[in-house]
Amino acid sequence: MSTKIRRLSLPTSVLPKLSRSLTTSDISTTKLLELIHHLRLLYATPADSSFAHPNDEAVGSSAYASEVEEDETVDPLHQHDAFERTWAINWLGLVVKRGEEWVAQASEDDEEERDLRATIVDEAAALVSHLTATSADESIGTVPESGSILRPLLLPTCLPDAERQTEPLLITLNDALPSSLDPTSVGLQSWGASIILARMIALEPAAFGVSVPNQRVLELGAGTGLLSLVWKGMSERLNAHCEVFATDYHDGVLENLQRNVISNSAAITPVASPTASPPLAPSDPKVRSTSSSHPGSGTGTPLLPVQTHKLDWSAVHSSRQFSAASNPRNPIPTIMPPPFDKPFHTLLAADVVYGPTHALWLKSCVEQFLVKPDEATEVLESQAKLPAEMANLSLGDSTLSLPAAPPVPQSTDAPADEAGPESAVPTHVARTSQTSSRRTGSASAPAFHLIVPLRPTHAEAIASIKDVFPKKENLPERTDGDAWRVAVESVTEVERVKGVGRSDEENYRLYRIGWC
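When we follow UniProt numbering, the leftmost residue of the sequence shown carries the number 1, and every step to the right adds one.
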């Protein structure tokens, strides 16, 4: 089924085949320039000043700035970054290779055309150099610019055959290469499990409780922050304002996480929201909340739509264990600094269980942070009484440079001399099946949504989840006065979508964990 949408297309879907001579090519000079500007937006960092700015007048008058009719079953998420990057480099290389002759053949009487051709060749060469660079200056903390990729994720918010079509949610993430010397820096990349869950949340936000207003949402091991950004973006569309906190442990990951929040602020809190929800103003990334030596010390910026904070699960677990051991009958509650001093209505995590103790640490975090059912209503009501100035924040005339969708060229041709490889056409919806613990509670009840990939290399770590989190159906009924217990409410098996995630990820398992 086809529909007219605006989408940030990947190289294999927009780069046309180049003829042996650019002079005899049916691709116009203006179109070539637009294609190069499109690639620059995909792969060049916003702060990169080595390229000239696009010709706004030419872009605005281009037919490619209008809506493009595309097949809804073609998903830009299915392509591998390395493959797309190589495709773009090869295509740009052909432009440079054939460009010298092309410039020389321009009419001497048309100086404007000659200059435009020279500009195209120069920009193509500069972009090839940028894409193939082996080193670059570090611009933020310890996050390496070398090898980083801007990954545009276009998340459908309705099924292709839905009667009412809604605009997809575009999130652009900076994916950096993890350090080979530090295995905890894997959060610099977006992994398949987070993309799968993000797509599910965008398609069915009500099923995850996104429509519950005034809630506090906490993402554990946020990495690039995709889940937090999608939750915030969908909550704004549903006019269900909430506070979202993305946490991680690694300093470099936190720097990259905050960068992603800043660059996506306009996308997830748009000035012209479909539901006229008030947007939030992005703040100066240098403004930090007061830090602390506690495992929950903050690195957040209160005015950003998603706040980022450092959180050490092992320290949370140790604190709770110490409290329980010192007073088994009446453990002293673990006191934490803001924003961890108040409970959260929803917890999120994707692909964070890859060690034997991770599930145990996660359980301690759930027990510490997830609001109990008998307190949930009171907490939501108190959150509804936020200061008026927080509810009235507006982007206004922002001076922050944020990414914008480019005019999208349309082409069905292959991007090189030879025909490209056969492209897979996955559906937007991953197939799922309920395997246990049919959930009887409301979708709006407090919950921890945990998705994990099923990898042979991490079978033991994944198996530890069922040892740590019992099934709700296997526990005796709770009576008044009994302590609340954390348990698995439902387990959903999610089939792997071709092209999303690593090849060793067989399927995914989504847990809904709550109190019983």
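No residue lacks a Cβ here, since even glycine has one placed at the ideal position from N, Cα and C.
This structure is a prediction, so every number in the text was calculated from the model and none was measured.
>> Give me, in chain order, the residues of the same chain whose beta-carbon lies closer than 8 angstroms to that of Asp-56; leave out the 5 immediate sequence neighbours on both sides.
In response: Caution is warranted here: a pLDDT of 42 is assigned to Asp-56, below 50, making its placement in the model unreliable, and no coordinate value can be reported.
> Taking the alpha-carbon positions, what's the Leu-35 to Val-371 distance?
Replying inline: One C-alpha to the other measures close to 50 angstroms.
>> Going by DSSP in three states, His-358 sits in which element: helix, strand or coil?
In response: In the structure shown, His-358 sits in a helix (DSSP, three-state: H, G or I).
>> Rounded to whole angstroms, what is the Cα-Cα separation between His-458 and Trp-484?
In response: The straight-line gap from Cα to Cα measures roughly 30 angstroms.
> Which first and last residues belong to the alpha helix (DSSP H) in which Thr-30 is found?
Replying inline: Residues 29-43.
>> Please return the same chain residues whose Cβ sits closer than 6 angstroms to the Cβ of Pro-328, not counting the five positions on each side in sequence.
In response: The beta carbon of Pro-328 lies closer than 6 angstroms to none in the same chain, with the five residues before and after it left out.
>> Could you check whether Leu-454 and Glu-506 sit closer than 7 angstroms to each other, using their CB atoms as the reference points?
In response: Less than 7 angstroms divides the Cβ of Glu-506 from the Cβ of Leu-454.
> By DSSP, does His-458 sit in helix, in strand, or in coil?
Replying inline: Looking at His-458 - three-state DSSP - the assignment turns out to be helix.
>> Based on DSSP bridge pairs, tell me the residues matched to Phe-322.
In response: Listed as beta-bridge partners of Phe-322 by DSSP are no residues whatsoever.
>> For Ile-268 and Ser-235, I'd like the C-alpha separation in whole angstroms.
In response: In this structure, the CA atom of Ile-268 is about 9 angstroms from the CA atom of Ser-235.
> Given Ala-276, which residues of its chain have a CB within under 7 angstroms of its CB, disregarding the five upstream and five downstream residues?
Replying inline: A caution first: Ala-276 carries a pLDDT of 37, below 50, which makes its placement in the model unreliable, though a value can still be read off. Within the same chain, Ala-276 has no close Cβ partners at all.
> Is Gly-93 helix, strand or coil when you go by DSSP?
Replying inline: Helix at Gly-93.
> For the segment 349-363 against the segment 319-335, are there 3 or more C-beta pairs whose distance is under 8 angstroms?
Replying inline: Inter-segment contact for the segment 349-363 and the segment 319-335 is absent: fewer than three beta-carbon pairs are separated by less than 8 angstroms.
>> Counting beta carbon pairs with one atom in the segment 464-477 and one in the segment 240-260, are three or more of them shorter than 8 angstroms?
In response: Contact between the segment 240-260 and the segment 464-477 is absent, with fewer than three C-beta pairs closer than 8 angstroms.
>> Please give me, in chain order, every unbroken run of the beta strand (DSSP E) with length at least 3 that falls completely inside the segment 225-268.
In response: Fully enclosed beta strand (DSSP E) runs of 3 or longer: 243-248.
> In its own chain, which residues sit with a C-beta less than 6 angstroms from the C-beta of Leu-32, not counting the 5 before and 5 after it?
Replying inline: Hits under 6 angstroms: Ile-120.
> The beta strand (DSSP E) with Val-452 in it runs from where to where?
Replying inline: Following the DSSP letters along the chain, one finds Val-452 inside the beta strand (DSSP E) bounded by residues 447-453.
> For the putative contact between Pro-152 and Thr-172, defined by C-beta atoms under 8 angstroms, what is the C-beta separation to the nearest angstrom?
Replying inline: Indeed they touch by this definition, with Cβ atoms about 5 angstroms apart.
> Going by C-alpha distance, which of Trp-313, Pro-446, Ile-27 and Thr-23 is nearest Gly-355?
Replying inline: It is Trp-313 whose Cα lies nearest to the Cα of Gly-355.
> Helix, strand or coil: how does DSSP classify residue 517 here?
Replying inline: Not covered by the structure: residue 517. The range shown for the chain is 1 to 516.
> Are the CB atoms of Ser-228 and Glu-219 nearer to each other than 7 angstroms?
Replying inline: In this structure, Glu-219 lies closer than 7 angstroms to Ser-228 by Cβ.
>> By the DSSP assignment, the alpha helix (DSSP H) with Ser-194 in it spans what residues?
In response: 192-203 is the span of the alpha helix (DSSP H), which, as asked, contains Ser-194.
> Distance, Cα to Cα, Leu-15 vs Pro-470?
Replying inline: Using only the alpha carbons, I get a separation of about 51 angstroms.
> Roughly how many angstroms lie between the CA atoms of Glu-460 and Lys-466, to the nearest whole one?
Replying inline: Their Cα atoms are separated by approximately 11 angstroms.
>> What does DSSP give as the partner residue(s) for Thr-172 in the beta ladder?
In response: According to DSSP, Thr-172 bridges with Pro-152.
> Closest to Ser-364 by CA distance: which of Leu-39, Ile-513, Pro-11 and Asp-251 is it?
Replying inline: For the residues Leu-39, Ile-513, Pro-11 and Asp-251, the minimum Cα distance to Ser-364 belongs to Ile-513.
>> Once DSSP output is grouped into helix, strand and coil, what is the label at Cys-516?
In response: DSSP places Cys-516 in coil when its eight states are reduced to three.
> How is Ala-487 classed by DSSP in three states: helix, strand or coil?
Replying inline: Note: Ala-487 maps to strand in three-state DSSP.
> Can the beta-carbon of Cys-213 be found closer than 7 angstroms to that of Ala-88?
Replying inline: Per the sequence presented here, residue 213 reads as Pro, with Cys not at that position. Cβ distance not < 7 angstroms, so Pro-213 and Ala-88 don't count as in contact.
> How is His-309 classed by DSSP in three states: helix, strand or coil?
Replying inline: His-309 falls in the strand class under three-state DSSP.
>> Please report the straight-line C-alpha distance between His-130 and His-38, rounded to a whole angstrom.
In response: Rounded to whole angstroms, His-130 to His-38 spans 14 angstroms at the Cα level.
> Any idea if Ala-124 is buried or exposed, counting beta-carbon neighbours within 10 angstroms, 16 or more meaning buried?
Replying inline: By the neighbour-count definition (other C-beta atoms within 10 Å, threshold 16), Ala-124 is a buried residue.
> For Lys-97, which option in Leu-150, Ile-196, Glu-493 and Arg-20 has the closest C-alpha, if you only look at C-alpha atoms?
Replying inline: Taking only the C-alpha atoms, the option nearest Lys-97 is Arg-20.
> If we ignore side chains and look at the alpha-carbon of each, how far apart do Arg-259 and Leu-150 end up?
Replying inline: Whole-angstrom Cα-Cα distance: 12 angstroms.
> According to DSSP, what are the bridge partners of Thr-346?
Replying inline: Beta-bridge partners assigned by DSSP to Thr-346: Val-217 and Ala-447.
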